[in-house]
Ligand code: GLU
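Numbering (my numbering), first residue to last: 647 to 921.
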């Protein structure tokens, strides 16, 4: 009996080591938070209002506020969060490799991504839209894209949609980040950026008078919090935290403070998907 339990302990140790240690060697993000009192969270660094690196090296925006609230509910003080920049194309890999414990980065819940990661949420619903130069008159919606040069980001759902539905009409340039796209459109090399309306509103506000959002969303982007695949306990705990954030007023407050200044029409909190 004694020998058997010792063997069991040894097996658990071997299994933990086999996982490569580091931040991935836990069954649930709930355990990581409880045991280490620290979390590494992936956010965007170049999306004003959502996830932006500030001059002092900190991160600010609605996603950052959501991350801080959720971490606190899991028992981690916001001061003990390490924010790590993610771009659209590396979010699944960062979670799978354990480089981050969760991703809060304008990250749409999709079936394809669910093959690799799990999602809590949604905590926000956006829609794919277009950002053009302020004097643009011809580009008024997805039906006017014929012959246009578009910019989006590799590994994003808007780039995927353009490739699958508008490939014949448009020329698509894929950048690593949306801020790189902004430079291309401001510089006149490309005609429009396509991604989620709430992201575009942040850039339009940053370049007021030079860029405008077309305002005809043509997809539904449900933002989820990315977790390790099959972390059921993590999904439940993060969804509980989001529910609390919705109902105690913190969600609306964070959205107003982060996104409100862009003029984006603020929605109500969405319904969580408790599957
Ligand atoms: N929400 C979309 C996505 O997850 C576009 C925004 C982004 O690239 O972060 O791909």
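A virtual CB, placed ideally from N, CA and C, is assigned to each residue, including glycine.
Taking the Cα positions, residue 820 is about 21 Å away from residue 866. Here residue 889 is near residue 918, since their CB atoms are less than 9 Å apart. Between the ligand GLU and residue 772, a heavy atom-to-CB distance of less than 8 Å is present. At a cut-off of 8 Å, the beta-carbon of residue 867 counts as near the ligand GLU: some heavy atom of the ligand is closer than that. With fewer than 16 other beta carbons inside 10 angstroms of its own, residue 700 counts as exposed. In this structure residue 910 touches residue 847 by the C-beta definition: roughly 4 Å separates them, less than 8 Å. In this structure, the ligand GLU has no non-hydrogen atom nearer than 8 Å to the beta-carbon of residue 849.
Between the C-alpha atoms of residue 830 and residue 713 there is a straight-line separation of about 31 Å. Classified as exposed, residue 681 has fewer than 16 neighbouring CB atoms from the shown chains inside 10 Å of its CB.
Within the same chain, and ignoring the five residues on either side of residue 818 in sequence, the residues whose Cβ sits closer than 6 Å to its Cβ are 796, 808. Within 8 Å of the C-beta of residue 845 there is at least one heavy atom belonging to the ligand GLU.
A direct Cα-to-Cα measurement between residue 884 and residue 676 gives close to 9 Å. In the displayed model, residue 822 falls within coil according to three-state DSSP, outside both helix and strand.
Residue 689 has its alpha-carbon roughly 10 Å from the corresponding atom of residue 706. With a cutoff of 9 Å on beta-carbon distance, residue 815 and residue 791 are scored as near each other. According to the DSSP assignment, residue 763 belongs to the beta strand (DSSP E) that extends over 763-772.
Per the coordinates, the alpha-carbon of residue 916 lies some 22 Å from the alpha-carbon of residue 693.
Residue range 867-874 is occupied by the beta strand (DSSP E) that includes residue 871, with no alpha helix (DSSP H) assigned at that position. Apart from the 5 residues on each side of it in sequence, residue 720 sits with its Cβ closer than 8 Å to the Cβ of 675, 676, 679, 680, 685, 883, 884, 887 in its chain, given in chain order. For residue 888, the uninterrupted alpha helix (DSSP H) segment begins and ends at 878-893. Distance from the C-beta of residue 751 to the nearest heavy atom of the ligand GLU is below 8 Å. In the DSSP assignment, residue 699 falls within the beta strand (DSSP E) that extends over 697-699.
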